[in-house]
Every structure is written in C-alpha cells, then in structure tokens.
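In full-length UniProt numbering, the protein residues as written are 1 to 235.
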C-alpha cells in the first residue's frame with residue numbers, strides 16, 4: 001500500500017469564522033497532505049477561491065458577513081468546485097437550501113475527522129471526472145464581468161446596472177464564452193422551463209445589453225447574434 005497522504009497536495013479552501021475550528025482543520029488537513037487555504041468570512045472566501053482555485057471547499061453557513069448559501073451561489077456563478085458544507089445547523093430546511101444553492105454534501109457539527117476526510121476524498125473523486133474550473137472574472141477592453149460578485153464594470157471603473165433578466169442572459173453567455181447558446185436554452189434557463197419560442201424577448205434584452213456594454217451597439221463585437229440559432233459571447 002502506498003504511503004502517499006490522502007490529500008496529496010489537493011487544494012482545499014476552509015471557510016469558518018471560528019478560529020479554533022479553522023486552526024484544527026488546517027492542522028489536520030495539512031497532516032493528511034492537503035494544501036489548505038483559509039477564510040473567516042464570505043467575502044474573503046470568494047476572493048480566495050477566485051485567486052487560489054481550490055479543488056474542494058469546506059464551508060460553514062454561519063458567517064459574519066454573508067450567509068453560507070450566498071457564498072455557494074457566488075461560487076456556482078463560475079466554478080463547479082465541490083462544496084462540502086460543515087455547519088451546526090441541523091434543520092432540514094437549511095440543508096435543503098444549501099444543497100439547492102449548489103452544495104455537494106452536508107456535514108453537521110460536531111463532526112468526526114475521519115468522516116470529514118472520507119467525504120472530502122469522495123468529493124474530490126467525483127470532481128475528477130468533471131471539467132476544469134472556469135474563471136471568476138472575465139475582462140474585455142471595454143468592460144469586466146465578475147461572475148462571483150455578479151457585477152459588471154466599464155473600463156473606467158463605473159459599475160453597470162443590469163436588471164436580473166439582463167444579468168441572467170449575460171451570465172449564461174459569458175459562462176459559455178466563444179460558444180453558441182441556442183435561443184431555446186437561453187429562454188428556458190433565464191425565463192423558465194415553460195418558455196422556448198419567445199425569441200422577441202431575446203431581441204429586446206440583447207439590444208438593452210448592447211446599449212449598456214458595447215462601444216458601438218449597432219455593430220456588436222462581444223454579444224454576437226447567430227441568425228436563427230442563438231447568441232455568442234466573444235470576449
């Protein structure tokens with residue numbers, strides 16, 4: 001049997017506002033071969049994830065600045081990294097909210113280290129068959145899209161206000177950068193599963209997005225129409 005540590009250099013981001021738990025997890029995970037990144041609040045967690053590209057995240061829900069589900073949603077805006085929730089909340093509603101937001105597993109405090117390590121190994125194994133992380137921030141010469149923070153800023157730094165529908169369209173296109181996203185897929189993912197033929201909605205909202213983001217809205221270079229098929233983000 002090999003003596004290679006279970007973690008074998010796997011980068012894990014641990015997010016918890018309890019310094020004792022943070023320290024204990026850092027020591028134990030490091031001893032098992034993991035490379036450990038830590039964050040004590042939600043904003044730091046999102047920044048550290050964007051900079052450090054962890055391969056698995058261990059996340060407490062009760063953070064001082066953001067609810068853990070907001071952190072999960074922020075991460076899910078740009079990365080499929082496995083997220084293991086580690087929380088004192090035992091109510092089924094909290095578990096369902098976390099899993100619906102995109103968490104992969106849920107461990108209740110107090111927990112056994114052996115169980116946590118086993119769940120971490122399972123999460124990393126499952127992720128090994130999926131694709132590589134995306135990018136949190138997509139920059140063009142004219143604007144920047146931050147998928148984790150859900151913001152858009154022009155080159156001069158001014159923030160662009162987008163409606164939830166405009167953001168939904170832009171996020172979907174940016175996440176599939178360089179690829180055609182069909183009209184039906186856009187309608188169903190942004191408006192809901194009962195939509196699919198209301199292509200006039202797309203024309204209206206793409207025109208609005210171009211007015212806000214394109215240097216020359218009538219000659220778009222980022223939000224491209226593929227006639228009769230869908231749209232593509234080139235950036």
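All C-beta atoms, glycine included, are put in the ideal place defined by N, C-alpha and C.
From a predicted model like this one, the values you see are computed outputs, not experimental measurements.
Buried or exposed for residue i, going by 16 or more other Cβ atoms inside 10 Å?
{"i": "residue 226", "result": "exposed"}
{"i": "residue 27", "result": "exposed"}
{"i": "residue 131", "result": "Unreliable placement is indicated for residue 131, whose pLDDT of 39 sits below 50; no coordinate value is reported for it."}
{"i": "residue 16", "result": "buried"}
{"i": "residue 171", "result": "buried"}
{"i": "residue 129", "result": "Because residue 129 sits at a pLDDT of 46, beneath the cut-off of 50, its placement in the model cannot be relied upon, and the following sentence gives the value as read from the coordinates. Looking at its Cβ environment, which holds fewer than 16 other Cβ atoms inside 10 Å, residue 129 is exposed."}
Do residue j and residue i have their beta-carbon atoms positioned less than 7 Å apart in this structure?
{"i": "residue 75", "j": "residue 41", "result": "no"}
{"i": "residue 22", "j": "residue 48", "result": "no"}
{"i": "residue 210", "j": "residue 220", "result": "yes"}
{"i": "residue 86", "j": "residue 60", "result": "yes"}
{"i": "residue 168", "j": "residue 190", "result": "yes"}
{"i": "residue 29", "j": "residue 52", "result": "no"}
{"i": "residue 144", "j": "residue 153", "result": "yes"}
{"i": "residue 39", "j": "residue 45", "result": "yes"}
{"i": "residue 235", "j": "residue 83", "result": "no"}
Report the CB separation of residue i from residue j in whole angstroms; it is logged as a contact under 8 Å.
{"i": "residue 69", "j": "residue 98", "result": "6 Å"}
{"i": "residue 77", "j": "residue 150", "result": "6 Å"}
{"i": "residue 71", "j": "residue 120", "result": "Residue 71 to residue 120, Cβ: 18 Å. No contact."}
{"i": "residue 173", "j": "residue 233", "result": "4 Å"}
{"i": "residue 199", "j": "residue 185", "result": "That belief does not hold up - the Cβ atoms of residue 199 and residue 185 are roughly 12 Å apart, past 8 Å."}
{"i": "residue 203", "j": "residue 196", "result": "With a Cβ gap of about 15 Å, residue 203 and residue 196 do not count as contacting."}
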